[in-house]
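*Asks:*
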Amino acid sequence: MATMTMAKALNAALADAMLDDERVVVFGEDVGQLGGVFRITDGLQARFGDKRCFDTPLAEAGIVGFAVGLAMSGLRPVVEMQFDAFAYPAFEQIASHVAKLRNRTRGALSVPIVIRVPYAGGIGGVEHHCDSSEAYYAHTPGLKVVTPATVEDAYSLLREAIEDPDPVVFMEPKKLYFSSAEAELPARTAPFGTAVVRRAGTDATLVAYGPAVPVALEAAEAAREEGWDLEVVDVRSIVPFDDATVTASVRRTGRCVVIQEAQGFAGVGAEIAARVQERCFHALHAPVLRVAGLDIPYPAPMLEHTHLPSVDRVLDTVARLQWDDQPDSRWVAA
Amino acid sequence: MTTTPQAVRRASPRTRRKATPAAPDPSAGLLPQAEPVRLLNPDGTPLPAREDYPEPPVEALREMYRRMVVGRRFDVQATALTKQGRLAVYPSSRGQEACQVGGVLALRDTDWVFPTYRESMALTARGIDPVEVLTLLRGDWHCGYDAAARHTAPQCTPLATQCVHAAGLAYGESYQGRDTVALAFIGDGATSEGDFHEGVNFAAVFKAPVVYFVQNNKYAISVPLSRQTAAPSLAYKGVGYGVPSDQVDGNDPVAVLAVLTRAVEHARSGKGPFLVEAHTYRMEPHTNADDQTRYRDAEEVEAWRDRDPIARLEAYLRDRGVLDDAAVAVIADEAEAYAAALRDRMNAQPAVEPLSLFDHVYAEPTPQLVEQREQVRAELAAAREEEGDA
Chain V
33 MATMTMAKAL NAALADAMLD DERVVVFGED VGQLGGVFRI TDGLQARFGD
83 KRCFDTPLAE AGIVGFAVGL AMSGLRPVVE MQFDAFAYPA FEQIASHVAK
133 LRNRTRGALS VPIVIRVPYA GGIGGVEHHC DSSEAYYAHT PGLKVVTPAT
183 VEDAYSLLRE AIEDPDPVVF MEPKKLYFSS AEAELPARTA PFGTAVVRRA
233 GTDATLVAYG PAVPVALEAA EAAREEGWDL EVVDVRSIVP FDDATVTASV
283 RRTGRCVVIQ EAQGFAGVGA EIAARVQERC FHALHAPVLR VAGLDIPYPA
333 PMLEHTHLPS VDRVLDTVAR LQWDDQPDSR WVAA
Chain S
166 MTTTPQAVRR ASPRTRRKAT PAAPDPSAGL LPQAEPVRLL NPDGTPLPAR
216 EDYPEPPVEA LREMYRRMVV GRRFDVQATA LTKQGRLAVY PSSRGQEACQ
266 VGGVLALRDT DWVFPTYRES MALTARGIDP VEVLTLLRGD WHCGYDAAAR
316 HTAPQCTPLA TQCVHAAGLA YGESYQGRDT VALAFIGDGA TSEGDFHEGV
366 NFAAVFKAPV VYFVQNNKYA ISVPLSRQTA APSLAYKGVG YGVPSDQVDG
416 NDPVAVLAVL TRAVEHARSG KGPFLVEAHT YRMEPHTNAD DQTRYRDAEE
466 VEAWRDRDPI ARLEAYLRDR GVLDDAAVAV IADEAEAYAA ALRDRMNAQP
516 AVEPLSLFDH VYAEPTPQLV EQREQVRAEL AAAREEEGDA
């Protein structure tokens, strides 16, 4: 066991994948000599050469489209989108080709590529550097979408993403890059399609993913003082989604709050809340509630703390889970 | 390489006095020739032979003629099938036969083609089953042919996006030690799309063996070329990326095959991409759903009939003594038989399987898709039961 950052675990996952499979190539903007603006590809070019890890022209649609062609030739491209909002020029390639090529060709062609997207805020980034863009990808059939919240998961999910026969959008929570934990690599944690209970509890379930998981865990600790024993489920794999684990947890606790950093309207949290409500209606003692970012463009750094789901906001929401069996006063007609 | 006005520009007298050698023109060899390459006059009489673009072997030209005749008959048949409701839509490439056939004839079977929706004729000329080519437009699936086995990407509808795939595929092939060339078809309008520029640029930076083949048929649905570009011609779009480029009379089959052959050789020899613009004309509307009287005159279309590529090649091959009335009749019969077989096969209603909707979304269906598949299976079973009761 060694203490390491999520950034280091991601770097190790890339290196180990390149070592194990010579078809794996890593490319994008500044990923070569510089090692990426977050240093996730640090040292890969020196170790594997500039044919395996290389810089490209500064053009995101080009990067993803180039990866499609490389995958058609039999390679396993792993590309980096430098920041969440800079991936938007690639969206047509992702939605129209990456996601659909297997289906359009009845499986004759597939696109086993990994698109790494550093995402979300909490890092004091200026505009266009902090978007939570996971819902766009999760809404696109044909893509898998995963996001780690722990150091070992970062390694394991990235290794699995590279091995997966389907395209994977790998969402990396920027604010967790330099969080560290004890980890033993090469770690293999739970596979895609599996949510994990990070903290067992009996009174309510907090469902979270990516950057919201530490917030949920902190809130669960703080809730003990209020007398609530909260369970925390880390979704990890947005697509495919693990209905079974989430549903089992909510059936046990009877109450559920879904937490996401992204703006709430039409977000992944809305989908999760709907699925829980459909599957757990008779086990629920209160409506499924959400804590999400505000429905605003990502704010300037000095205002982002108001936007981001906070422990207090989570606890306020937990408090509204009808513990006294009375309806939420906000939504009762006067 | 071609000689450009810039390349022959003389150094000024003052420069000569200082005796410093004039810097070589960095655009030499990249710019297209001022006029499209032409080897036949519109009436099929030959122009003087050229060193830069040697005439293809006459057997290749005869085969090109055969495929053009069959291709046009296919195109006419597909248009008729649309009117009969057998196809949802059909974008014709009539008038562009030299480009459609030349584009694939210049390639090996192991090379890759990246076609657009207008390349149905190119695909049949490549030997792909016409029913499989028309699957997309009939609507029983998307891509009907085996894209991997035929080394032919699915026909691309999101404009110009295939230009980047071609760069990636070609680079990936050479990276793995294969001498594959990729040829990307693209139209004049799509050269305005960003992915065209990103594709050409990536191919150039990575020296990927790609031929970008622009069929400038003068209209993007209704919008004329003058609204797409202020460049002297689309072949001038290569120079900014360091890509050698040339333009060709797209209705001169001999010139089209000669230019594409050299472009493919250039790519295969490791020199990187090459861009070709063919000046041609779409004789039919954009699709059957288009009303071309709103944007072009009948006289304009009529004028292009005099530049018909099939008549032009036929006249030349007759003159060369490799085609006569009997041979022309044999090929015409072959084309008729091809169209008749296509008509018969397209008149059969294709079987579709609703449960196949869940195949090939992922390598393995997600739990959510397994659930939805069960729901659809139950709906279908209930519908069958109701039909049985009725």
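Top line first, the protein sequences correspond to chains V and S. To convert, note that position 120 of the first sequence is 152 in this note's numbering; the numbers rise steadily by one, no gaps. To convert, note that position 230 of the second sequence is 395 in this note's numbering; the numbers rise steadily by one, no gaps. For glycine and all other residues, C-beta sits at the position ideal for the given N, C-alpha and C.
Sorted by chain position, which residues of the same chain lie with C-beta nearer than 7 Å to Pro295 of chain S's C-beta, five sequence neighbours on each side aside?
*Replies:* Within the same chain, Pro295 of chain S has close Cβ partners Phe239, Thr289, Leu507.
*Asks:* Any heavy atom of the ligand MG within a distance shorter than 7 Å of the CB on Val265 of chain V?
*Replies:* Only the bare structure without any ligand can be found here, which leaves the ligand MG out of the picture.
*Asks:* Should Ala335 of chain S be labelled buried (16 or more other beta-carbon atoms within 10 Å of its own) or exposed?
*Replies:* Ala335 of chain S is buried by the Cβ-count criterion.
*Asks:* Assuming Gly352 of chain S is part of the beta strand (DSSP E), what are its boundary residues?
*Replies:* Element bounds for Gly352 of chain S: 347–352.
*Asks:* Any idea if Val267 of chain V is buried or exposed, counting beta-carbon neighbours within 10 angstroms, 16 or more meaning buried?
*Replies:* Under this definition Val267 of chain V is a buried residue.
*Asks:* So what's Gln295 of chain V in DSSP terms, helix, strand or just coil?
*Replies:* Strand at Gln295 of chain V.
*Asks:* Between the beta-carbon of Arg283 of chain S and the beta-carbon of Pro256 of chain S, is there less than 8 Å?
*Replies:* Yes, they are a contact pair.
*Asks:* Here's a check: name, in chain order, each residue in its chain whose Cβ is nearer than 7 Å to the Cβ of Gly236 of chain S, leaving out the five neighbours to either side.
*Replies:* Once the five neighbours on either side are set aside, the close Cβ partners of Gly236 of chain S are Glu262, Gln265, Val266, Met286, Thr289, Ala290.
*Asks:* Just how far apart, CA to CA, sit Asp163 of chain V and Ile147 of chain V?
*Replies:* Taking the straight line from one Cα to the other gives about 16 Å.
*Asks:* Does the segment 215–232 of chain V come close enough to the segment 127–137 of chain V to have 3 or more Cβ pairs within less than 8 Å?
*Replies:* The segment 215–232 of chain V, when compared against the segment 127–137 of chain V, does not touch it at the 8 Å Cβ threshold.
*Asks:* Could you tell me which chain S residues have their CB closer than 8 Å to the CB of His129 of chain V, listed as they occur along the chain?
*Replies:* Pro323, Thr326, His330, listed in chain order.
*Asks:* Which stretch, first to last residue, makes up the beta strand (DSSP E) that contains Ala240 of chain V?
*Replies:* Note, Ala240 of chain V: beta strand (DSSP E), 236–240.
*Asks:* Determine the direct distance from the alpha carbon of Val404 of chain S to that of Arg174 of chain S, and round the result to whole angstroms.
*Replies:* With a pLDDT of only 48 at Arg174 of chain S, under the threshold of 50, the placement of this residue in the model should not be trusted; the figure read from the coordinates follows. Each residue's Cα considered, the two are about 18 Å apart.
*Asks:* Helix, strand or coil for Leu246 of chain S? Go by DSSP, reduced to three states.
*Replies:* Three-state DSSP puts Leu246 of chain S in a helix.
*Asks:* Against chain S, with Cβ distances strictly below 8 Å, would Ala373 of chain V count as a contact?
*Replies:* No answer is possible for residue 373 of chain V: the residues shown for chain V start at 33 and end at 366.
*Asks:* What does Arg283 of chain V touch in chain S if you count any residue whose Cβ is under 9 Å from its own?
*Replies:* Those do not exist, as Arg283 of chain V stays about 17 Å from chain S at its closest Cβ, beyond 9 Å.
*Asks:* If you compare alpha carbons, which of V:Leu189, V:Ala167, V:Gly68, V:Ser105 is closest to Pro223 of chain V?
*Replies:* Selected option, being the one with the closest Cα: V:Leu189.
*Asks:* Over what stretch of residues does the beta strand (DSSP E) that includes Tyr151 of chain V continue unbroken?
*Replies:* Residues 146–151.
*Asks:* State the DSSP-derived secondary structure class of Cys312 of chain V, mapped to helix, strand or coil.
*Replies:* In the structure shown, Cys312 of chain V sits in a helix (DSSP, three-state: H, G or I).
*Asks:* Would you kindly report the start and end of the unbroken alpha helix (DSSP H) that includes Asp554 of chain S?
*Replies:* Asp554 of chain S -> alpha helix (DSSP H) spans 532–554.
*Asks:* Helix or strand or just coil, what does DSSP make of Asp19 of chain V?
*Replies:* This structure leaves residue 19 of chain V out entirely; chain V is present only between 33 and 366.
*Asks:* Roughly how many angstroms separate the alpha carbons of Val278 of chain V and Ala396 of chain S, rounded to a whole number?
*Replies:* Going by the C-alpha atoms only, they are around 58 Å apart.
*Asks:* Of all the options V:Gly296, V:Asp261, V:Tyr120, V:Phe123, which has the alpha carbon lying nearest to the alpha carbon of Ser281 of chain V?
*Replies:* That would be V:Asp261, whose Cα lies nearest to the Cα of Ser281 of chain V.
*Asks:* Give the secondary structure of Thr356 of chain S by DSSP, where H, G and I count as helix, E and B as strand, and everything else as coil.
*Replies:* Correct three-state label for Thr356 of chain S: helix.
*Asks:* Take the Cβ of Met33 of chain V as the centre, count every other Cβ of all protein chains shown within 10 Å, and call the residue buried at 16 or more, exposed below.
*Replies:* That one is exposed.
*Asks:* Do Ala400 of chain S and Leu440 of chain S have their C-beta atoms closer together than 8 Å?
*Replies:* It is a contact, given that the beta carbons lie within the stated cut-off.
*Asks:* Using a Cβ cut-off of 8 Å, pull out every chain S residue sitting near Pro89 of chain V, in sequence order please.
*Replies:* The contacting residues are Glu363, Asn366, Phe367, Val370.
*Asks:* Which residue comes first and which comes last in the alpha helix (DSSP H) that contains Gln265 of chain S?
*Replies:* 262–270 is the span of the alpha helix (DSSP H), which, as asked, contains Gln265 of chain S.
*Asks:* Does the separation of the CB atoms of Ala332 of chain S and Phe361 of chain S fall below 8 Å?
*Replies:* Not a contact, by the Cβ cut-off of 8 Å.
*Asks:* Under 9 Å Cβ-Cβ, which residues of chain V neighbour Ala497 of chain S?
*Replies:* The premise fails here: Ala497 of chain S is roughly 35 Å from chain V at the closest Cβ pair, so nothing lies under 9 Å.
*Asks:* Short of 7 Å in beta carbon distance, which residues of its chain neighbour Leu90 of chain V, apart from the five on each side in sequence? Order them along the chain.
*Replies:* The answer, listed in chain order, is Glu61.
*Asks:* Can you give me the C-alpha to C-alpha distance between Ala494 of chain S and Glu449 of chain S, rounded to a whole angstrom?
*Replies:* If you take the alpha carbons of Ala494 of chain S and Glu449 of chain S, they lie about 25 Å apart.
*Asks:* Could you tell me whether any Cβ in chain V is nearer than 8 Å to the Cβ of Pro280 of chain S?
*Replies:* It does not; no Cβ of chain V falls within 8 Å.
*Asks:* Would a check of beta-carbon distances place Trp306 of chain S closer than 8 Å to chain V?
*Replies:* Yes, its Cβ sits closer than 8 Å to a Cβ of chain V.
*Asks:* Alpha carbon to alpha carbon, how far is Gly407 of chain S from Gly209 of chain S? Give it in angstroms, no decimals.
*Replies:* Approximately 35 Å, taken between the alpha carbons.
*Asks:* Nearest to Gly260 of chain S by CA position, among S:His431, S:Pro418, S:Val346, is which residue?
*Replies:* It is S:Pro418.
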